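A.B. asks: Residue numbers (our numbering), protein chains in the order written: chain B, 1166 to 1898; chain A, 42 to 229.
We treat Cβ as the ideally placed atom computed from N, Cα and C, and that holds for glycine.
As the structure is a computational prediction, the values presented were derived from the model and not from experiment.
Please read through the structure below; I'll follow up with questions.
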Amino acid sequence: MNVPDATRWQRLGELFDHASVLAGAQRVAFVDALQGEDAELRDELEALLAADVAGGLLDRDVHTLAGAVTQADASGATIGPWRLGKVIGRGGMGAVYRAKRADGAYTQEAALKLIHLGVDSLATRARFLRERQFLASLQHPHIARLLDGGVTADGAPYLAMELVDGERIDAYCDARRLSIAARLRLMLQVLGAVQHAHQRLIVHRDLKPSNILVDADGNAKLLDFGIATMLDTSGAATLTRERPLTPDYAAPEQLQGQPVTTATDVYALGLILAGLLAGQQARAGYTTSKPLSTAVLHSDVAAIAVVRGTHPRALLRTLRGDLDTLVQRALAPDPARRYPSAQALATDIEQWLSGRPILARPDSWLYRTRMFVRRHRVGVALSVLAVLALLTATAFSLQQARLAREAARDAEARALSLRAVNDTFDQLMHAEHFLADANGPASAARVLRENRSALDYFLVDQPLTRASLLWRNGRGLRLSGDAAGAVAVLRTANEAFAKAGARATLNGRDAALELARAQIDDGDAPAAATTLDDLEESLKPDEVNIELQQHAIALLRARMALTAGQLDSAGAQIATALALAPAPSGERGARYGTTALLAGAIDFARGNTAAAADRFVEALQAMSADPHAGLAPPHQQLAPLLETLARLGDIVAANEYAARWFDLRKRFFGAESAQVRAAAALQQRLLGGDVPIAGDAARAVRLRDALAIYWRATFVDYDVTRDQKPLNLDRDL
Amino acid sequence: MDAQPPSVTELLNRARAGDAASRDAAYELVYSELKRLAHCELAHQRGATLCTTALVHEAYVRLSGADATPTDRRHLIALGARAMRFVLVDHARRALAQKRDGAVQSLTITGGAAGDDAAPSVTDVLALDQALERLAALDPRLVQVVEWRFFGGLSEPEIAAELGLTERTVQRDWRRARAFLHKELAPA
């Protein structure tokens, strides 16, 4: 027996205390010197000292032991209304049981997933349950439904899902020796399901063959949709560490910890597709420089061909060309170069199946995008997002999706997706103006132009989404200074709205107004006038928000008349607009403000400095009071406003603001832009001393103070930190 | 009505007044609550974020209210660490029984990256428990130090303060216990 009794242990302990603090050689000497002790005790001491050096279990955290023992089996237990049967699967997150309803309400079987993760607080628990409800609304014939979910008495979340009796998709295909075409058709089911979820802003994040089962009737079913996201949302901080990310199927951005988007799912789908087409080995061997048809040559191509009901040469012939390109596009390491959506991938598969050329080209725009990225490092991060939003209507970061989802969960689900996209894009466009790069807007314009054509490919089946995105695209072009490009896109947008029968919607109306604005910017007043006349004619008397449209029309007409020097006409139009603008109070201040600004500019043009000054003060105060006015710089009317200030006598302040205005415009639009030339012309006029001074000190002070307050509220962040506040150039008619 | 059992605070108050039975009842109650908490804790593998100390603290606050004495606190810490040990062993026994039944084909334990020491197994947990029993026969205080430090997550100064020992003594106790246990656990 090597366990000593208590007295021996005391002696042993004392010797150990001495020896353990000694260094190696001294330690040996110390033990050797213990001649008076019995040999057994010495052996025990040596064993203790060896164990002291070796270390072991106790040097670890107790939680590593916890990891060893928690793979428990809860079979036979009852959770909620479910009685658990056998374990049918295990993963890093927990175990899956076959379960039956135990409350006798009705017979139902489910796959119940019991998750070994804490739901730490009431808030995260509530969010988990909310998220569960959202997922339960996901209904698609090829998605296994979430039936129920909750939190056990122990606080462990569980999810009951539709029980699917089927085989893994890859095993299913091989067992039945399905042809390439049959495999692609099966893949279309999967893609349809994924697209359905993406449109509801639900990302899978863990797509892999074992998550796709095919039943005996050949119906594919996707498991675990949104579960990964849901668990993440529930705030389990340890999730990323403990969840095995199935590295085999993870997209590059996932491995790098970048934001996960719908494009991440597209990548996983590409890998699944590659495996189905050419086998697992070829899938693993695929690289960007080695197309699938080459990779398959490095594996057991004969065996692969057999289970596809063909022979090697025919298989290679089938894969080469379009299918190679298709896989290459789906697996592009850069999410922006991937198929932007499951739908886009499905479209190309359909093209291939029907013998038509696929839309993806091996290099053309991919290559150009790459070149573009290389040329414009700065703008790319934002531009890529803009492109994604444009192309797909769905691809944006999970974080945004989650926020959008939380914000809009209570709103109608149908409007959700589109609105989120529009908002995202809006934000992006505004953000574009804040790129540190002086060429920010110019870069944005180029991206928008280069990728506009993609809208024709990818959204043909969603005419309304496409029309809205065209409109946004056009507006983006206009805001970034490309008026001619904007006119072309906006014309298409208006046609698209008309074709979809949606001219009379809010978006359709905005598209028409936007076209008029672009035409004005482009210097084509007659065309703008026609656009506005058409719009006015098509307004229906009972249309919602009709005053909004009428107001915008009058305002634009007033602006055109002012530019053309038709001051009487301008006066009449602005009177109409003022009548339609709401009282200058609180949140609606911006609309009144822009109207009053233009009214002031017209007064100024008529030589009525005092009236102009009063209008400008009103306008600035209204806009300062509107928390939503954001950064709405009175760009168009700043020249008359500052000239009015100079005429009233405060030429110093007028010069000061003119210089700041010039700086801002230079940063936004670049030194060569028309906007900067206009600001420079103002500076010259003010400095040239040809401004007739009326001298009205009281008005000058009022105007200067209103301008100071407005300017501080609007530009302080930008001036100081160049903060990324959205710039509402749009509001400035 | 006697239907409502007395609360822990009440029991602790009575215990302080000299009622030994109440004290036992209080700790019985606390212990079962701690075991429940430790079970949750384990089931979630929350990692090092919520250590046993926090768990004990949670139970302490919830069960005894603010008027517990330092002695109560010490007992609670001891109970918390003991509860953690108990729950681990309990889980390990059940997991082992399951494995024998062959109910589970793949006990994939994530974490424990390749190249690291092998992840501890269910049998390691049981072996540790048995070794602790053998140590208890020799020197119960060492077992207490191990429980508090390893299972309870207390630091050496904390243990020293609670037990009224010097830090040096606690360090020596820990080193002795650690060597003994590692020797017992080492493959023959």
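1. Return the CA-CA distance between B:G1250 and B:H1307, expressed in angstroms with no decimal places.
2. Can you find the residues in the same chain that come closer than 6 Å, C-beta to C-beta, to B:G1178, ignoring five residues on each side of it along the sequence?
3. I think B:W1174 touches A:L179, with their Cβ atoms under 8 Å apart; what is that distance to the nearest whole Å?
4. Please report the Cβ distance between B:A1681 and B:W1636, rounded to the nearest whole angstrom; I am assuming they are in contact, meaning their Cβ atoms lie under 8 Å.
5. Evaluate A:P228 with the Cβ neighbour count: other Cβ atoms within 10 Å of its Cβ, from every protein chain shown; 16 or more gives buried, anything less gives exposed.
6. Who are B:P1322's beta bridge partners in DSSP?
7. Count Cβ pairs between the region 1330-1345 of chain B and the region 1371-1381 of chain B that sit closer than 8 Å; are there 3 or more?
8. Skipping 5 residues on each side, what residues in its chain have a beta carbon closer than 7 Å to that of B:L1727?
9. With DSSP collapsed to three states, give me the class of B:F1181.
10. Report yes if the C-beta distance between B:L1785 and B:A1723 is below 8 Å; otherwise report no.
11. DSSP three-state label for B:Y1757, please.
12. When you compare each of B:L1806, B:Y1451, B:L1872 and B:R1864 to B:L1847 by their alpha carbons, which one comes out closest?
13. Any idea if B:T1695 is buried or exposed, counting beta-carbon neighbours within 10 angstroms, 16 or more meaning buried?
14. Mind checking if B:A1267 is an interface residue toward chain A, Cβ cutoff 8 Å exclusive?
15. At a Cβ threshold of 8 Å, is B:W1247 touching chain A?
16. Find out if the Cβ-Cβ distance for the pair B:A1511, B:L1353 is shorter than 8 Å.
17. Would B:H1363 pass as a contact of B:T1427 if the rule is Cβ separation under 8 Å?
18. In chain B, which residues lie less than 8 Å from A:R123 when you measure between Cβ atoms?
19. Taking Cβ positions only, does A:L230 come closer than 8 Å to chain B?
20. Give the secondary structure of B:Q1592 by DSSP, where H, G and I count as helix, E and B as strand, and everything else as coil.
21. One question on the structure: do B:A1787 and B:T1809 come within less than 8 Å of each other, judged by their Cβ atoms?
22. Buried or exposed for B:Q1200, please, with buried defined as at least 16 other CB atoms from any protein chain shown within 10 angstroms of its CB.
23. Using DSSP bridges, identify the partner residues of B:Y1262.
24. Mapping the DSSP letters down to three states, classify A:E197 as helix, strand or coil.
25. Going by Cα to Cα distance, which pick from B:L1481, B:D1513, B:W1517 and B:A1433 is closest to B:P1500?
26. Below 8 Å, how does it come out for the region 1368-1376 of chain B and the region 1431-1445 of chain B: are there three or more Cβ pairs, yes or no?
27. Below 8 Å between beta carbons: does that hold for B:V1355 and B:H1369?
28. In whole angstroms, what is the alpha-carbon distance linking B:G1315 and B:F1827?
29. Could you tell me the distance, in whole angstroms, from the CA atom of B:T1272 to the CA atom of B:A1264?
30. Between the C-alpha atoms of B:M1725 and B:R1756, what's the straight-line distance to the nearest angstrom?
31. Identify, in the order they occur along the chain, each residue of the same chain with its Cβ nearer than 8 Å to the Cβ of B:D1686, setting aside the five sequence neighbours on each side.
32. Spatial neighbours of B:A1819 within its chain, please: C-beta separation below 6 Å, excluding the five flanking residues on both sides.
33. Is B:R1524 helix, strand or coil by DSSP?
34. Determine the direct distance from the alpha carbon of B:R1656 to that of B:G1854, and round the result to whole angstroms.
35. May I ask you to list, following chain order, the residues of the region 206-224 of chain A that have a beta carbon less than 7 Å from some beta carbon of chain B?
36. Are the C-beta of A:L226 and some C-beta of chain B separated by less than 8 Å?
C.D. replies: The short version:
1. B:G1250 and B:H1307 have their C-alpha atoms some 25 Å from each other.
2. Excluding the 5 residues flanking it on each side, B:G1178 has no same chain C-beta neighbour closer than 6 Å.
3. Correct: roughly 4 Å between the Cβ atoms.
4. About 13 Å; that fails the 8 Å criterion.
5. Exposed, since its Cβ has fewer than 16 Cβ neighbours within 10 Å.
6. DSSP lists B:V1316 as the bridge partner or partners of B:P1322.
7. At 8 Å Cβ cutoff, the stretches touch.
8. Closer than 7 Å at Cβ, skipping near neighbours: A1735, A1766, I1767 and A1770.
9. Looking at B:F1181 - three-state DSSP - the assignment turns out to be helix.
10. No, the Cβ-Cβ distance between B:L1785 and B:A1723 is not below 8 Å.
11. Looking at B:Y1757 - three-state DSSP - the assignment turns out to be helix.
12. For B:L1847, the nearest C-alpha among the options comes from B:L1806.
13. Classification for B:T1695: exposed.
14. No, B:A1267 does not count as interfacial toward chain A.
15. Interface annotation, B:W1247: not in contact with chain A, CB-CB separation never under 8 Å.
16. Taking a C-beta distance under 8 Å as the contact criterion, B:A1511 and B:L1353 qualify as a contact pair.
17. Yes, the Cβ-Cβ distance between B:H1363 and B:T1427 is below 8 Å.
18. Those do not exist, as A:R123 stays about 13 Å from chain B at its closest Cβ, beyond 8 Å.
19. One cannot answer for residue 230 of chain A here, as it falls past the ends of chain A, which runs 42 to 229.
20. For B:Q1592, the predicted structure reports a pLDDT of 39, less than 50, and the residue's modelled location is therefore unreliable. The matter cannot be settled from this model.
21. Taking 8 Å as the Cβ cut-off, B:A1787 and B:T1809 do not qualify as a contacting pair.
22. Looking at its Cβ environment, which holds fewer than 16 other Cβ atoms inside 10 Å, B:Q1200 is exposed.
23. BP columns for B:Y1262 point to B:V1252 and B:L1277.
24. DSSP places A:E197 in the helix class (H, G or I) of the three-state scheme.
25. Checked all of B:L1481, B:D1513, B:W1517 and B:A1433; the closest Cα to B:P1500 is B:A1433.
26. Three or more pairs of CB atoms, one per stretch, sit closer than 8 Å, so the region 1368-1376 of chain B contacts the region 1431-1445 of chain B.
27. Between B:V1355 and B:H1369, the gap from beta carbon to beta carbon reaches 8 Å or more.
28. Using only the alpha carbons, I get a separation of about 59 Å.
29. Those two C-alpha atoms are separated by around 11 Å.
30. Going by the C-alpha atoms only, they are around 18 Å apart.
31. Cβ neighbours of B:D1686 beyond the five flanking positions: R1643, A1648 and A1651.
32. Answer for B:A1819: L1807, L1810, A1811 and L1851, listed in chain order.
33. According to the sequence as given, residue 1524 of chain B is Leu; it is not Arg. Of the three classes helix, strand and coil, the one that applies to B:L1524 here is coil, per DSSP.
34. Looking at the two C-alpha atoms, the distance is approximately 44 Å.
35. Of all residues in the region 206-224 of chain A, R213, R216, R217, R219, A220, F221, L222, H223 and K224 have a Cβ within less than 7 Å of some Cβ in chain B.
36. Judged by the 8 Å Cβ criterion, A:L226 is in contact with chain B.
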